[in-house]
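Visitor: Numbering (the numbering used here), first residue to last: 13 to 706. C-beta atoms are modelled at their ideal positions from N, C-alpha and C, and glycine is treated no differently.
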């Protein structure tokens, strides 16, 4: 029998680590937690210092028995669960179940599953960190007190299957507040004047800036006409040329939050999928006979952008060999640490830069490879030199009317040769060259076109934008974002429309109930302060019982008040105004997990249901009789079709608009692009299109 027993969380990790450690070690997996609070009751003794009641998780009995049997035969036991609060708590639960002294050197942590990292970590075992354990316990107990006390009230007063939680309730509030902003938004008219000019044989764009040397905002057509009336002839004079050199620094290596955001922007991955793939890359992939199974990235739950000296040196060596010394970053720019960042481990990076994405194509799935490439590119770029951009601003003047042209070009690409960080609005910096101009030069007008615009409401939250906002507000922690976004969708509080969160009627009802009876739970400042208090437990500044007690003393009266005063909210079925085609009974609107749908009022004798279709005010271009309606596919993707289906089979993924193409009279549709919405003609022989609107 092996001398040493090592317990990890995942069977995938166990196999890899055992191979690294050798024959004296036996590595087994606990498969996550072995003990937890009971599912059937709150499990917190509020009369006895909030002591938790832990039980063996259902189905984990055989696993625990196997670990106990192996522990009896081992000279020493090492607990090597993940290097975070959750992992520390798992180690503590295992130590309690296996009678291991928590003050002994039984705990081993590593940030990456590579041979060197594993062997080095076993040279430095330590006792279990009870501050980390207490921080995890405090969060678990707090979430249990909130969820298991509010949820039954919502079940009784609103609808079965509902839930409330610290982070999910604030996330829902942000989505609903944004929706209310959009509904109350009043568009304001504004105008621009776009000019196309020519210098020599080169044409370039320019925008109206102002008059008399002052910037002027155009708010209506009369002001535009007044400006245009001042122009004399088609010649403008160059009155000012400003050239500047600007440096652009690379983004730091990924944290959990920034990885989720960038994977959403660039790969269209949901947060849950990103974390699942990252877990696979961290735990290990079999990359062939030479190395076998090896972890390809460092631990993926982190809020730090810190990089080890070894990893930096390897990256520098790679960059010099691939791109040359000029592309190596100089003195590293200090990234400002966020106030709530724990900085417990490194940023997310490849365990070896020398394992390039190209070399791993044969062993990774398509999505694993895409995420690995994103992590690899971002890390290598973070160690590369800044990009150098030459920017030019040129002022043009005609009879006191001033236009301004801006141009830029990359003088030295630096990190941009490999990677450019995405943005929520997908507006990456484009290179726009201007012809050489000097003060006093004359340029010719090719075209001057006024354009009417209207201000737009703030955009709905995408997953990336919501994660970023939660992080900036100090709500939740990196490991909570993916499950939080998943929960509010599973509960039917929100749904995704064009990859943006829209609150459902059910979400609005639950939020209103929370706002009235539990305002502190959805209060952003209160929740952020609670996170700081919980971090204080981890740092050994505060006792977890004190944090829970301070919360519960204020929370408990709200519970009693809600039990007594919250009125039952009856979600009535509304008449749909049509009869069931199967039995003739009236159809009604019902509220389900994913919003409203139509169902027969004769349920359960008749189970006919129909999706609600929304007319968009456009006649069907195919049959000329039906109306185009908005529908949803089985995967919840919006499409447009004729309401006479199946007699008419017209469908379109792009939204048709009511006016015909001015060139050929065919159907025009709104095409969603990265830079906005563009109107295009559906006739393949016609090239008509309109400039995208933001």
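Can you tell me the Cβ-Cβ gap for residue 476 and residue 292, rounded? I've got them flagged as a contact below 8 Å.
Guide: The count along the chain shown starts at 1 and reaches residue 476 at position 464. The count along the chain shown starts at 1 and reaches residue 292 at position 280. Not a contact, Cβ separation roughly 21 Å.
Visitor: Which value, in whole angstroms, describes the spacing of the CA atoms of residue 559 and residue 159?
Guide: By one-based count along the chain shown, residue 559 stands at place 547. By one-based count along the chain shown, residue 159 stands at place 147. Between residue 559 and residue 159, the C-alpha separation is close to 17 Å.
Visitor: Cutting at 7 Å between CB atoms, please list the residues of its own chain near residue 144, excluding the five before and the five after it.
Guide: By 1-based counting over the chain shown, the position of residue 144 is 132. Correct list, in chain order: 97, 100, 550.
Visitor: Taking residue 206 as part of the beta strand (DSSP E), name the residues at either end of that continuous run.
Guide: Residue mapping note: residue 206 aligns to position 194 of the chain shown, counting from 1. Looking at the DSSP string, the run of the beta strand (DSSP E) that includes residue 206 is 201-211.
Visitor: Could you pull the start and end residues of the beta strand (DSSP E) that residue 113 belongs to?
Guide: Position 101 of the chain shown, counting from 1, holds the residue named residue 113. Element bounds for residue 113: n/a, residue is neither H nor E.
Visitor: At the level of alpha carbons, what is the spacing between residue 69 and residue 385?
Guide: As a working note, residue 69 is residue 57 in the chain shown. As a working note, residue 385 is residue 373 in the chain shown. For residue 69 and residue 385, the distance between alpha carbons rounds to 38 Å.
Visitor: Is it true that the CB of residue 248 sits closer than 8 Å to the CB of residue 405?
Guide: On the chain shown, residue 405 is found 393 positions in, with the first residue counted as 1. On the chain shown, residue 248 is found 236 positions in, with the first residue counted as 1. The answer is no: Cβ separation not under 8 Å.
Visitor: Return the CA-CA distance between residue 656 and residue 639, expressed in angstroms with no decimal places.
Guide: For the purposes of this step, residue 656 is taken as residue 644 along the chain shown, with counting starting at 1. For the purposes of this step, residue 639 is taken as residue 627 along the chain shown, with counting starting at 1. Whole-angstrom Cα-Cα distance: 8 Å.
Visitor: Tell me the DSSP bridge mates of residue 599?
Guide: Translated into the one-based positions of the chain shown, residue 599 becomes position 587. BP columns for residue 599 point to 612.
Visitor: Can you tell me which of the three DSSP states residue 578 falls into?
Guide: Taking the chain shown and counting its residues from 1, one reaches residue 578 at position 566. Three-state DSSP puts residue 578 in coil, outside helix and strand.
Visitor: Quick check on residue 391: does DSSP put it in helix, strand or coil?
Guide: Translated into the one-based positions of the chain shown, residue 391 becomes position 379. Residue 391: helix per DSSP, three-state reduction.
Visitor: Buried or exposed: where does residue 234 fall if 16 or more other Cβ atoms within 10 Å of its Cβ makes it buried?
Guide: Sequence index remark: in the chain shown, residue 234 carries index 222 (1-based). Looking at its Cβ environment, which holds fewer than 16 other Cβ atoms inside 10 Å, residue 234 is exposed.
Visitor: Kindly indicate which residue of 20, 369, 518 has the alpha-carbon position closest to the one of residue 170.
Guide: Position 158 of the chain shown holds residue 170. That would be 518, whose Cα lies nearest to the Cα of residue 170.
Visitor: Check whether the stretch 123-134 touches the stretch 24-39, taking contact to mean three or more Cβ pairs, one atom from each stretch, closer than 8 Å.
Guide: Because the criterion of three Cβ pairs below 8 Å is met, the stretch 123-134 and the stretch 24-39 touch.
Visitor: If you count every other CB in all the chains shown that lies within 10 Å of the CB of residue 7, and 16 or more means buried, which is it?
Guide: The requested residue 7 is not part of the displayed model; the chain covers only 13 to 706.
Visitor: Measuring straight from C-alpha to C-alpha, what distance separates residue 89 and residue 166?
Guide: Looking up residue 89 in the chain shown gives position 77. Looking up residue 166 in the chain shown gives position 154. C-alpha separation (whole angstroms): 46 Å.
Visitor: Using 8 Å as the threshold, is the stretch 455-475 in touch with the stretch 500-520, meaning 3 or more CB pairs across them?
Guide: Enough Cβ pairs lie closer than 8 Å, so yes.
Visitor: According to DSSP, simplified to helix, strand and coil, what is residue 589?
Guide: Here residue 589 corresponds to residue number 577 of the chain shown, with the count starting at 1. In this structure, residue 589 counts as strand in the three-state DSSP scheme.
Visitor: Along the chain, where does the beta strand (DSSP E) that runs through residue 509 open and close?
Guide: Residue numbering aside, residue 509 sits at position 497 when the chain shown is read from its first letter. Note, residue 509: beta strand (DSSP E), 506-509.
Visitor: Looking at residue 227 and residue 221, is the spacing between their C-beta atoms short of 8 Å?
Guide: Taking the first residue of the chain shown as 1, we reach residue 221 at position 209. Taking the first residue of the chain shown as 1, we reach residue 227 at position 215. Yes, Cβ-Cβ distance for residue 221 and residue 227 is below 8 Å.
Visitor: Rounded to whole angstroms, what's the CA-CA distance from residue 353 to residue 108? Just pull it up for me.
Guide: Counting from 1 along the chain shown, the entry for residue 353 is found at position 341. Counting from 1 along the chain shown, the entry for residue 108 is found at position 96. Its pLDDT being 48, under 50, residue 353 is placed unreliably in this model, and the value from its coordinates should be taken loosely. The alpha-carbon atoms of residue 353 and residue 108 are separated by roughly 30 Å.
Visitor: Less than 8 Å between C-beta atoms, sequence neighbours within five positions excluded: which residues of the same chain meet that for residue 232?
Guide: Position 220 of the chain shown, counted from the first residue, corresponds to residue 232. Only 201, 203 meet the Cβ criterion.
Visitor: Judging by CA-CA distance, which residue of 94, 24, 413, 174 is the nearest neighbour of residue 305?
Guide: Indexing the chain shown from 1 puts residue 305 at position 293. Out of 94, 24, 413, 174, 24 has the C-alpha closest to the C-alpha of residue 305.
Visitor: Going by alpha carbons, who is nearest to residue 505 out of 469, 153, 312, 175?
Guide: Numbered from 1 along the chain shown, position 493 holds the residue referred to as residue 505. The option with the nearest alpha carbon to residue 505 is 175.
Visitor: With a threshold of 8 Å, are at least 3 pairs of Cβ atoms found where one atom belongs to the stretch 479-496 and the other to the stretch 533-548?
Guide: With the cut-off at 8 Å, the stretch 479-496 and the stretch 533-548 touch.
Visitor: If you reduce the DSSP assignment to three classes, tell me which class residue 674 lands in.
Guide: What you label residue 674 is simply residue 662 of the chain shown in a count that begins at 1. Note: residue 674 maps to coil in three-state DSSP.
Visitor: For residue 530, which residues in the same chain have their Cβ closer than 6 Å to its Cβ, ignoring the five residues on either side in sequence?
Guide: For the purposes of this step, residue 530 is identified with residue 518 of the chain shown, where counting begins at 1. These residues qualify, in order along the chain: 570.
Visitor: Are there three or more Cβ pairs, one per stretch, closer than 8 Å when the stretch 284-298 is compared with the stretch 389-404?
Guide: As far as the Cβ criterion goes, the stretch 284-298 does not touch the stretch 389-404, which means the pair count is below three.
Visitor: Considering only heavy atoms of the ligand GDP, does any lie closer than 7 Å to the CB of residue 103?
Guide: Inclusion of the ligand GDP in the displayed structure is not the case, the ligand content being empty and no account of it being possible.
Visitor: To the nearest angstrom, report how far apart residue 52 and residue 522 are at their CA atoms.
Guide: Within the chain shown, residue 52 is the residue found at index 40, counting from 1. Within the chain shown, residue 522 is the residue found at index 510, counting from 1. Roughly 23 Å between the two C-alpha positions.
Visitor: Please classify residue 383: does DSSP put it in a helix, a strand, or coil?
Guide: Within the chain shown, numbered from 1, the residue matching residue 383 stands at position 371. It is helical.
Visitor: By the 10 Å Cβ neighbour count, where 16 or more other Cβ atoms means buried, how is residue 351 classified, buried or exposed?
Guide: Walking along the chain shown from the start, residue 351 turns up at place 339. Unreliable positioning characterises residue 351 in this predicted model, as indicated by a pLDDT of 47, which lies under 50. A coordinate reading is not provided.
Visitor: Which same chain residues end up closer than 7 Å to residue 185 when comparing Cβ atoms and leaving out the 5 residues on each side of it in sequence?
Guide: Indexing the chain shown from 1 puts residue 185 at position 173. Result list for residue 185: 523, 534, in chain order.
Visitor: When we look at the beta-carbon of residue 295 and count the other beta-carbons within 10 Å, is it buried (16 or more) or exposed?
Guide: One-based indexing of the chain shown puts residue 295 at position 283. Buried.
Visitor: Beta-carbon separation of residue 358 and residue 123 under 8 Å?
Guide: The sequence position of residue 358 within the chain shown is 346, counting from 1. The sequence position of residue 123 within the chain shown is 111, counting from 1. The answer is yes: Cβ separation under 8 Å.
Visitor: Give the secondary structure of residue 357 by DSSP, where H, G and I count as helix, E and B as strand, and everything else as coil.
Guide: In the chain shown, the residue the question calls residue 357 occupies position 345. Residue state, collapsed to three classes: coil.
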